[in-house]
Amino acid sequence: MLLTIVVLDSVGAGELPDAASFGDTGAHTLNHTLQAAPVHLPNLAALGLAHVPTVHTDPATVPAVPAQGAFGRMREVSPGKDTSTGHWEFMGVQLEHAFQVFPDGFPPAVMDRFDAATGTGHLCNRPYSGTDVLLDFGEEHVRTGKPIVYTSADSVFQIAAHEDVVPLETLYAWCAAAREILQGEYAVARVIARPFRGELPFERVNEHRKDFSLVPPPTVLDALKDAGRAVVGIGKIPDIYAHRGFTEEIHTDDNADGIIKTLERMRRAAAEGTSGLIFTNLVDFDSRFGHRRDPQGYSACLAQFDAALPDLIAAVPAGGALIVISDHGNDPTWKGSDHTREYGLLLAHAGGAAGVDLGERATFADVGATAADALGADWSGPGESFWPLLSARNG
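In this note's numbering, the protein residues as written are 8 to 402.
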């Protein structure tokens, strides 16, 4: 049995009940994006998007058509709205406490050790937009060679460096050093390498971005690997789980590359009769358009995935399934440049499972529980499998 999970990074499906605690009352990534920059999404609509609660239907964007797949939405119970929190919960890790954030920048106890590791000093060290920080500190970095350190509302320590000034291998080494420093009382979820190039206003090199994650507790990925199943991580997925639980890792440059490589891997797995999980993150929604508050780019990204969806569905072998989800919101019409606290999207194709309402899932962990159930792995952690709802009518 082959299960493919594709994360549409940040494609949120409306505010969660606790959104007010995050300053996100009224956020809705899907609706607001399509209102600001309408594009036609017939394939997502037909899969079930038109039936997800609160998603607006419109003939020009999400036509109200019968669902050919399964649909629902998911609550995130972990206290956060970042990539690590959402993805860890997908695979059965529910956080009791939010990852630590540093709204005033990192303290001397961290930065003194980081400066000693790099031997250069640093610039910035406060919350910043990833594009604005290059406008304000990029030229000084080029003159001095000092790395630009910044954070956000998420639990991240980001290091930006020009590729002509700091070789990638050096930037990654600095990130590894920061990862060792940022443990215990100063632990952050991710240290992120943010290379850039060119001249002012500079361009981020997303294909060379690299995340250095905290090591998660045991996840469904570990259970699948222990059960002898293939576990293929595509895009930034392996980084998020500190490379634990995978049998194969595939790098991607952008969403288009991620879709191509997912299709290639699905087709090869089907031809070989592989039993396992293909797990892909498509990050451009979030990194290129959500944070930059660019609804036109975000909509174009949605249209790109919609156009690829029929090929992804056609690549699902008999008895297999495709599950499309999202890990948080990043409403490109919202204030600021941070993520938004929203429901996770849930759509699925599994043989003849048409018009199946998966309901409102109590936790993102239902995704991992479903993967374990479908692939015969031993998992007793959080989550309730919805595989019976899909497999009942799945050829």
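C-beta: ideal position from N, C-alpha, C; glycine also.
All values derive from a computational prediction rather than experimental measurement.
Judged by beta-carbon spacing, residue 335 lies within the 8 Å limit of residue 17, meaning their Cβ atoms are closer than that value. In its chain, beyond the 5 residues on either side, 289, 290, 291, 292, 308, 311 and 312 have a beta carbon closer than 8 Å to the beta carbon of residue 262. In its chain, beyond the 5 residues on either side, 295 and 296 have a beta carbon closer than 7 Å to the beta carbon of residue 304. By the neighbour-count definition (other C-beta atoms within 10 Å, threshold 16), residue 111 is an exposed residue. Within the region 162 to 230, the complete beta strand (DSSP E) segments at least 3 residues long are 163 to 169, 197 to 204 and 217 to 220, listed from N- to C-terminus.
Setting aside the 5 residues that flank it on each side, residue 199 is surrounded in the same chain by 163, 165 and 218, each with a C-beta closer than 6 Å to its C-beta; the list follows chain order. By the Cβ rule, the region 94 to 102 does not count as touching the region 112 to 120, because fewer than three pairs are nearer than 8 Å.
Between the alpha carbons of residue 94 and residue 247 lies a gap of roughly 7 Å. Residue 15 carries a strand assignment under DSSP once its states are collapsed to helix, strand and coil. Judged by beta-carbon spacing, residue 70 lies within the 8 Å limit of residue 49, meaning their Cβ atoms are closer than that value.
Among the bridge pairs identified by DSSP, residue 250 is matched with none. Secondary structure note for residue 337: it is in no beta strand (DSSP E), with a DSSP letter that is neither H nor E. The bridge partners DSSP lists for residue 364 are 78. About 7 Å separates the CB atoms of residue 121 and residue 184; that is less than 8 Å, so the two are in contact.
With a contact defined as Cβ atoms closer than 8 Å, residue 331 and residue 354 qualify at about 4 Å. The shortest CA-to-CA distance from residue 382 to any of 315, 391, 266 and 235 is the one to 235. Within the DSSP bridge table, the entry for residue 134 names 158 as partners.
If the five residues before and after residue 390 are omitted, its C-beta is found closer than 7 Å to the C-beta atoms of 99, 370, 372, 373, 375 and 376, all from its own chain and listed in chain order. Setting aside the 5 residues that flank it on each side, residue 229 is surrounded in the same chain by 251 and 252, each with a C-beta closer than 8 Å to its C-beta; the list follows chain order. Nearest to residue 158 by C-alpha distance, out of 14, 245, 107 and 62, is 107.
Fewer than three Cβ pairs drawn from the region 184 to 196 and the region 342 to 357 lie within less than 8 Å of each other, which leaves the two stretches out of contact.
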